[in-house]
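In UniProt numbering, the protein residues as written are 1 to 500.
Here it is, written out as structure tokens:
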């Protein structure tokens, strides 16, 4: 039997407050669009995925993402790569092309959540939650960044909203049921089985707590929905294994078990593990929700009222949000190989639940919340604006992870671009794959005898390690932050050419 559905309840803003909230939301979106242009691809994560997408466009291989030419990237499914590569096909191989379709995905996600919250708690709560989510540090960064997490969040959120709406019944409940399975397919193509775990786990607990087994079985199209999910996902997984045998073993066992259970996992083919203390995922959540963390946690000062509100949760809405919000942290609490983006799948629910807590303690009726909300909102807008302006001005502290400017200064017709040190995906991206990585002194010395005019980029801290006989062949062209760009001396090049 379906519990009675709650009528919308929550915040009630006056017209002035509503305009302020919606304006803040619009400004946040505008800032994020400006950041698409102002912020270069930086090493390691985003530049790596952007370069993989660029290679997909260049090689026209849309089945197997490539870590290097001819080297398959088995670490993640390709949905985010498809989005970035498709954007590059449409708008050019640049930051805008790589990020814009991911940004559109984020906008679609915000529209989905706004529609859902509006139906459950009214228009004003919907605008507050949408604005608050957009201003969360992790979501603001992720909503136009070339990486897997935003695409996965789109899938998990669609599944969670679809499941809830399907169980409520109504005119479009069957469509929402299919939406649940489409969301699962999106998650499988964005991140893999872990996306399914992050939705099935909270849903199973919620169904168990509220005894909704019969509704779950009757109101979701399990057979046709599962068939749809498999139809959307199996072809790529099969094609990937056929094209590069060994993919499934590495991806399923390595990426989904060893990565999280083995501290400092050494089996990563594309980098190194991120060893963190167990339980660190909770600290990542606190950081991810900034600058809104204090605002969202403040109602816990009246935890008895909050707890009473959960006990009176006739429609089970709050429990649903709570389980959705905390599942990533619970699931990854014992994991040691984690990064901050692992909390992202629960962030939308945490935002909505935090607003719900303000209602439960009665603070939404006074002036405290509007003042705290707008103060935090304008502070976040100021911080984001300053950051984007500094990056756009080429501030070395904020752009030191990108080789964009160094590559631009190294673009000399007829000269090869070389860099010494660890692999730089941003150098590869901005040089259209022509950058040469020099891993050792032998490779450095080869520049003096190869008969080819060269440009050499070196990080400032590595300069003392460069053999003098190599540096004597070059003259400094410019400094870009911590990067030094050298160009081969014309007279040296002529001497080498004549000797050959």
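From the three backbone atoms N, C-alpha and C, an ideal C-beta is built for every residue, glycine too.
Since the model is a prediction, treat every value here as computed from it, not as a measurement.
Roughly how many angstroms lie between the CA atoms of residue i and residue j, to the nearest whole one?
i	j	result
residue 153	residue 299	26 Å
residue 483	residue 137	29 Å
residue 289	residue 201	22 Å
residue 357	residue 103	30 Å
residue 8	residue 122	Confidence at residue 8 is low in this model, with a pLDDT of 43, below 50, so its placement is unreliable and no value can be given for it.
residue 345	residue 149	8 Å
residue 458	residue 46	21 Å
residue 443	residue 454	13 Å
residue 126	residue 48	36 Å
residue 15	residue 124	10 Å
residue 421	residue 439	6 Å
residue 233	residue 247	15 Å
residue 338	residue 310	31 Å
residue 128	residue 350	13 Å
residue 283	residue 277	11 Å
residue 55	residue 336	32 Å
residue 85	residue 472	42 Å
residue 371	residue 41	36 Å
residue 80	residue 433	20 Å
residue 418	residue 475	14 Å
residue 225	residue 68	37 Å
residue 464	residue 391	28 Å
residue 17	residue 59	52 Å
residue 411	residue 477	11 Å
residue 197	residue 105	22 Å
residue 467	residue 62	43 Å
residue 36	residue 405	16 Å
residue 428	residue 231	36 Å
When the Cα of residue i is compared with those of the options, which residue comes out closest?
i	options	result
residue 509	27, 34 and 23	Residue coverage of the chain in this structure runs from 1 to 500, which leaves residue 509 outside it and unanswerable.
residue 181	475, 287 and 162	162
residue 294	144, 376, 10 and 126	376
residue 116	373, 348 and 311	348
residue 501	86, 486 and 49	Nothing about residue 501 can be reported from this structure: the residues present for the chain run from 1 to 500 only.
residue 203	232, 229, 166 and 224	166
residue 133	468, 425, 21 and 120	21
residue 108	89, 130, 17 and 88	130
residue 236	74, 196 and 256	74
residue 330	316, 279 and 89	279
residue 481	403, 435 and 436	403
residue 44	193, 19, 183 and 147	147
residue 301	317, 414, 93 and 363	363
residue 209	316, 224 and 251	316
residue 489	76, 447, 423 and 464	447
residue 50	92, 196, 17 and 408	92
residue 436	464, 19 and 407	407
residue 227	250, 24 and 179	179
residue 425	12, 66 and 17	66
residue 359	391, 307, 374 and 405	307
residue 414	445, 405, 391 and 451	451
residue 120	18, 250 and 10	10
residue 143	169, 170 and 110	110
residue 242	25, 72, 461 and 479	72
residue 24	77, 423, 461 and 373	373
residue 383	113, 13, 57 and 140	140
residue 89	113, 95, 114 and 57	57
residue 94	431, 223 and 170	431
What does DSSP give as the partner residue(s) for residue i in the beta ladder?
i	result
residue 478	485
residue 456	418 and 486
residue 174	Paired residue(s): none; residue 174 is not in a bridge.
residue 71	68
residue 438	420
Report the CB separation of residue i from residue j in whole angstroms; it is logged as a contact under 8 Å.
i	j	result
residue 368	residue 291	The Cβ separation is near 17 Å, so there is no contact.
residue 216	residue 187	Rounded, the Cβ-Cβ distance is 19 Å, inconsistent with contact.
residue 287	residue 340	6 Å
residue 219	residue 173	6 Å
residue 64	residue 244	6 Å
residue 164	residue 320	6 Å
residue 38	residue 98	Actually they are not in contact, since the Cβ atoms of residue 38 and residue 98 sit about 14 Å apart, beyond 8 Å.
residue 353	residue 325	5 Å
residue 385	residue 31	6 Å
residue 343	residue 281	6 Å
residue 28	residue 381	7 Å
residue 192	residue 256	6 Å
residue 323	residue 213	Their Cβ separation, rounded to whole angstroms, is 16 Å, which puts residue 323 and residue 213 out of contact at 8 Å.
residue 151	residue 190	4 Å
Would you check whether the ligand GTP has a heavy atom nearer than 7 Å to the C-beta of residue i?
i	result
residue 179	Questions concerning the ligand GTP fall outside what the structure shown contains, since it holds no ligand whatsoever.
Which ranges would you report for the alpha helix (DSSP H) in the segment 111 to 147 if only whole runs of at least 4 residues count?
-> DSSP runs (the alpha helix (DSSP H)) wholly in the segment 111 to 147: 123 to 135 and 137 to 142.
Jot down the residue ranges of each uninterrupted alpha helix (DSSP H) in the segment 180 to 220, minimum 4 residues, whole runs only, in chain order.
-> 193 to 210 and 213 to 219
Would you mind listing the alpha helix (DSSP H) stretches within the segment 288 to 359 that are 4+ residues and don't spill past its ends, in chain order?
-> 293 to 297, 303 to 311 and 317 to 332
Completely contained alpha helix (DSSP H) runs for the segment 79 to 111, where each covers 4 or more residues = 79 to 91
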